[in-house]
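For reference, the structure is listed below as structure tokens.
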Amino acid sequence: MQAAKDNDSGEAEPFYSLSVPGHKTSAEIVNEARVALRTLRTQRPLTPAGDQRKLFGSGSSQTPQSRPPSVFSLHASSFDVTESRPMPGIRLSPLDPKPMLPAFAKDEDSSLPKPPADAAEVRKVSSARPCLFRRPQGNFLSAEMVPLDHKDNTANLCLACTKLYQALKEGNLLGRRFEGRSMLLKTLYKLVDIESDPLRLKLAKIILAMKVAGKNLLSVCKLAFQICRNDRNDPIVQNEGLLDHLLEVLRTEDLQKNSEALLYCMGAIKFMSGNAALLNEMVDKGAVEMLLQLMKQMNNITGNDTHFSSLGHLLVQLTATLRTLAACPAARRQLLGAAAASELGVALELRAEDREVCACILSIFSKLSSYDDFCAASADCSRCYSIFLALLNKHQKQQDVVVRIVFILGNLTANSNQAREQFFRHKGSINTLLSLFQTYHDLDVNAQKQCHEREGAGESCPKHPSEAEDVQIKVIRVLANLSVHPSIGAALAASHRVVELLVAVLESKAIADCEELVIHAATAISNLSYYKVKSSAVQDKKLHIAEMLLKLLMSNNVDGAVEAVRGFGNLSQYHEICDFIVQKKAYKFMIALLDSKNQDVCFSACGVLLNLTAEQDKGALLMEEGGIGKLVECLQDFGPADWQLACLICKALWNYSENITSAASCFGEETNTLLLLLTSLLDEELVWNCSLNRDLRDYHKLYWEREFKPVAEKLLQRIQSHH
81 MQAAKDNDSG EAEPFYSLSV PGHKTSAEIV NEARVALRTL RTQRPLTPAG DQRKLFGSGS
141 SQTPQSRPPS VFSLHASSFD VTESRPMPGI RLSPLDPKPM LPAFAKDEDS SLPKPPADAA
201 EVRKVSSARP CLFRRPQGNF LSAEMVPLDH KDNTANLCLA CTKLYQALKE GNLLGRRFEG
261 RSMLLKTLYK LVDIESDPLR LKLAKIILAM KVAGKNLLSV CKLAFQICRN DRNDPIVQNE
321 GLLDHLLEVL RTEDLQKNSE ALLYCMGAIK FMSGNAALLN EMVDKGAVEM LLQLMKQMNN
381 ITGNDTHFSS LGHLLVQLTA TLRTLAACPA ARRQLLGAAA ASELGVALEL RAEDREVCAC
441 ILSIFSKLSS YDDFCAASAD CSRCYSIFLA LLNKHQKQQD VVVRIVFILG NLTANSNQAR
501 EQFFRHKGSI NTLLSLFQTY HDLDVNAQKQ CHEREGAGES CPKHPSEAED VQIKVIRVLA
561 NLSVHPSIGA ALAASHRVVE LLVAVLESKA IADCEELVIH AATAISNLSY YKVKSSAVQD
621 KKLHIAEMLL KLLMSNNVDG AVEAVRGFGN LSQYHEICDF IVQKKAYKFM IALLDSKNQD
681 VCFSACGVLL NLTAEQDKGA LLMEEGGIGK LVECLQDFGP ADWQLACLIC KALWNYSENI
741 TSAASCFGEE TNTLLLLLTS LLDEELVWNC SLNRDLRDYH KLYWEREFKP VAEKLLQRIQ
801 SHH
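Here the sequence shown is numbered in this note's numbering, starting from 81 and rising by one per residue.
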């Protein structure tokens, strides 16, 4: 910046005459910048000599010392997504379209007749007059039989069943101790064919309470399954307490002898879990622990066992129930306490060939990994990462499996450096991710070509994101999260394959078509651009990347523009990018974004402007579009709440005023406001009395003392000495 010349009167002439009322709106600034950017021809950028670059230093109030501090850059940030992958808490599909209710088999009591095989006999049995027990007297050793006609009102039959169950319970005759058990069961079985779910529910409850076994257990479990599959029966299922009896079956029955009965029992419980009240009841009654114990039993049965394959059906029902339970906070705490991740991992490893089981278990991990407590507990689960990587390599073309696993990895690596290290240490982990990235990017490119052909023929294309795009979104999210770790981020920044794939996404995709994919790719590149490492692939492609980010900046997508600014915040450390920003007039966007009133947006924009003002010939750009006034407004709005941002603003103003001869000519109408503001922000007592972050006072005070105060004091001294 050249010193202002004196006029004839001997008074200092202002460098620029600022007129606040005449400022353009942000919309006007952005529009003008877009027009300029679209019409400006591309020119070869000018690379200034290294000694021309000057930054804020700790020297005198007149000029900075030659020792510069670090230039502005934005540290990599992670994606922390709370959504869960497919499979919300809805009712799941039944085991089969229409489960039949086979005739009940002979019970363990020999007095119970076999089910008739002949059709005439079936009609004969059905037309017989069954009896229910009237409430017995005395010690229950005898009972009077009361005949009931099939034509009796089902409400009366339901009432009789209720009284019967209560009488048996009060007499401690449930189970196998009642001498009239066989006759009672025979009577109950004959009522099952009456088309009434409330009646069938009461019958199932009594039959289960009588501890039937074998085929009768299978039949009553199928009956319970058929009742529970209809969600309109949820209220009566809850009122009758059927869950208690089904959980008892899970707890006591032999897994290998009664696997089919357990299958239908588990299916009924799965349907119950679709109801919030029944779900809470399950949690209260210890269902989580029972299910994990049952899973542990199944995990002990190896693939060589004859039951291994058939138990896969039961495991599907069990894991589908756990998937629903995982959304309940109380159940989630129990799953964490029981180290469910480990047992689920074992099942996943054993059933790697069973796609349906894998889908259910991965869905559980998806839900659980959406919560910080689970991610923290699983950060060091090395075996889980091994299993996930093995499955990714095995099922690379199965999009539903791939997208779930990569979503889980994205959640686990969102907030934990320990998780990032654990995953990165596994041999081939990054190669596996990049192989997936390449595979689904190629599929996406081919799909785009086909889409253009269909559009030419007047046909419509699938909606975004497509399956191929969804996988890329999830893979990029993992890469972006991994890059937050200093050493991993540096390694990824040096990987040409990583950077080339990310750039390829930005080249091939318009943000209007698939916003999430483009923004994820821009975020990952912004993260990697933070690292200035030897042989940096980002540095090699920095001008091309800048072109891609410029497209985002010019788009009408706010999130895309903000991410582009963040990327420029790191890339503007390079001379070539600073020249590019000036040449393309992109700095006008940065100044316009200072009006956003969003703290993070202002921080990124200020960072770019700071790096620009570090260039000797670019400081005057702040005078355009009211840049100085907007920086002062940002300092006023965010100073006491964000000393890091306040420090950036002061550094930018320091660099801008490097050749100051007059405060009025340098800062114009903002001079007095800036003087008062800096004086206030340097008043320690005033600052801490009106701190916006009292809970973080120690942290803020430390940053204020070490970072903001030295810069602000020197800037204030410079302005005062030239005022």
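Positions of the beta carbon are idealized from the N, C-alpha and C atoms, including for glycine.
For residue i, which option in the options has the closest C-alpha, if you only look at C-alpha atoms?
{"i": "Ala439", "options": "Asp460, Ala457, Gln478 and Asp659", "result": "Gln478"}
{"i": "Ala590", "options": "Leu754, Thr741 and Gln528", "result": "Gln528"}
{"i": "Arg798", "options": "Cys746, Arg777, His521 and Leu371", "result": "Cys746"}
{"i": "His624", "options": "Glu587, Glu643 and Met352", "result": "Glu587"}
{"i": "Arg280", "options": "Met290, Leu582, Glu643 and Leu268", "result": "Leu268"}
{"i": "Asp33", "options": "Leu581, Glu320 and Gly354", "result": "Lying before the first or after the last residue shown, residue 33 is absent from the chain, which here runs from 81 to 803."}
{"i": "Leu253", "options": "Asn355, Ile286 and Ala574", "result": "Ile286"}
{"i": "Ser353", "options": "Asp314, His600 and Thr382", "result": "Asp314"}
{"i": "Asp277", "options": "Pro790, Val317 and Gln246", "result": "Val317"}
{"i": "Ser813", "options": "Gln696, Lys665 and Glu643", "result": "Outside the modelled stretch of the chain, which goes from 81 to 803, sits residue 813, for which no answer is possible."}
{"i": "Ser546", "options": "Leu514, Leu489, Asp480 and Ser609", "result": "Asp480"}
{"i": "Leu374", "options": "Asp385, Gln336 and Gly640", "result": "Gln336"}
{"i": "Lys622", "options": "Glu656, Ala641, Val598 and Cys594", "result": "Glu656"}
{"i": "Leu711", "options": "Ala694, Asp697, Glu695 and Tyr736", "result": "Tyr736"}
{"i": "Met378", "options": "Glu501, Gly417 and Leu424", "result": "Leu424"}
{"i": "Thr751", "options": "Glu704, Glu259, Ser801 and Val767", "result": "Ser801"}
{"i": "Ala617", "options": "Glu627, Ile605 and Met628", "result": "Ile605"}
{"i": "Glu627", "options": "Asn637, Leu608, Leu651 and Ile556", "result": "Leu651"}
{"i": "Asp659", "options": "Asn637, Ser462 and Asp697", "result": "Asp697"}
Are there 16 or more other CB atoms within 10 angstroms of the CB of residue i, so buried, or fewer, so exposed?
{"i": "Glu738", "result": "buried"}
{"i": "Thr401", "result": "buried"}
{"i": "Thr127", "result": "At Thr127, the pLDDT of 25 sits below 50, so the modelled position is not reliable; the number obtained from the coordinates is stated separately. By the 10 Å Cβ count, Thr127 comes out exposed."}
{"i": "Arg403", "result": "buried"}
{"i": "Thr119", "result": "In this prediction, Thr119 has a pLDDT of 40, which is less than 50 and means its spatial position is unreliable; what the coordinates show is noted afterwards. Classification of Thr119: exposed, given that the 10 Å Cβ count is below 16."}
{"i": "Ala792", "result": "buried"}
{"i": "Arg484", "result": "buried"}
{"i": "Leu21", "result": "An answer regarding residue 21 cannot be provided, because it is not within the stretch 81 to 803 covered by the chain."}
{"i": "Leu782", "result": "exposed"}
{"i": "Asn561", "result": "buried"}
{"i": "Asp778", "result": "exposed"}
{"i": "Ala235", "result": "exposed"}
{"i": "Asp550", "result": "buried"}
{"i": "Asp273", "result": "exposed"}
{"i": "Lys291", "result": "buried"}
{"i": "Gln619", "result": "buried"}
{"i": "Pro720", "result": "buried"}
{"i": "Ala641", "result": "buried"}
{"i": "Lys178", "result": "Caution is warranted here: a pLDDT of 39 is assigned to Lys178, below 50, making its placement in the model unreliable, and the coordinate value is therefore given only provisionally. Lys178 should be labelled exposed."}
{"i": "Asp460", "result": "exposed"}
Taking a contact to mean a Cβ-Cβ separation below 8 Å, would you say residue i touches residue j in this structure?
{"i": "Gly687", "j": "Leu633", "result": "no"}
{"i": "Phe487", "j": "Ser446", "result": "yes"}
{"i": "Leu398", "j": "Ala406", "result": "no"}
{"i": "Phe648", "j": "Cys682", "result": "no"}
{"i": "Leu265", "j": "Ala284", "result": "no"}
{"i": "Gln472", "j": "Leu516", "result": "Here the sequence assigns Leu to residue 472, which means Gln is not the residue at that position. Their beta carbons are under 8 Å apart, which means Leu472 touches Leu516 by this criterion."}
{"i": "Ala348", "j": "Phe305", "result": "yes"}
{"i": "Leu492", "j": "Ser449", "result": "yes"}
{"i": "Val396", "j": "Glu436", "result": "yes"}
{"i": "Leu795", "j": "Leu761", "result": "no"}
{"i": "Leu343", "j": "Leu288", "result": "no"}
{"i": "Ala427", "j": "Val363", "result": "no"}
{"i": "Leu358", "j": "Leu323", "result": "yes"}
{"i": "Leu514", "j": "Gln552", "result": "no"}
{"i": "Gly707", "j": "Ile671", "result": "yes"}
{"i": "Cys301", "j": "Phe351", "result": "no"}
{"i": "Cys594", "j": "His532", "result": "no"}
{"i": "Glu558", "j": "Gly490", "result": "For the sequence presented, residue 558 should be read as Val rather than Glu. Yes, Cβ-Cβ distance for Val558 and Gly490 is below 8 Å."}
{"i": "Ala570", "j": "Val613", "result": "yes"}
{"i": "His565", "j": "Arg500", "result": "yes"}
Can you list, in chain order, the stretches of the alpha helix (DSSP H) that have 4 or more residues and sit fully within the stretch 440-484?
-> 452-458 and 462-474
Whole alpha helix (DSSP H) elements within the stretch 499-566, 4-residue minimum = 509-536 and 547-562
At which residue ranges does the stretch 677-744 contain complete alpha helix (DSSP H) runs of 4 or more residues, listed in the order of the chain?
-> 679-693, 707-718 and 723-736
In the stretch 240-283, which residue ranges form an unbroken alpha helix (DSSP H) of at least 4 residues, counting only runs that do not cross its ends?
-> 261-271
Of all the beta strand (DSSP E) runs that stay within the bounds of the stretch 615-640, which reach a length of 3 or more residues?
-> none
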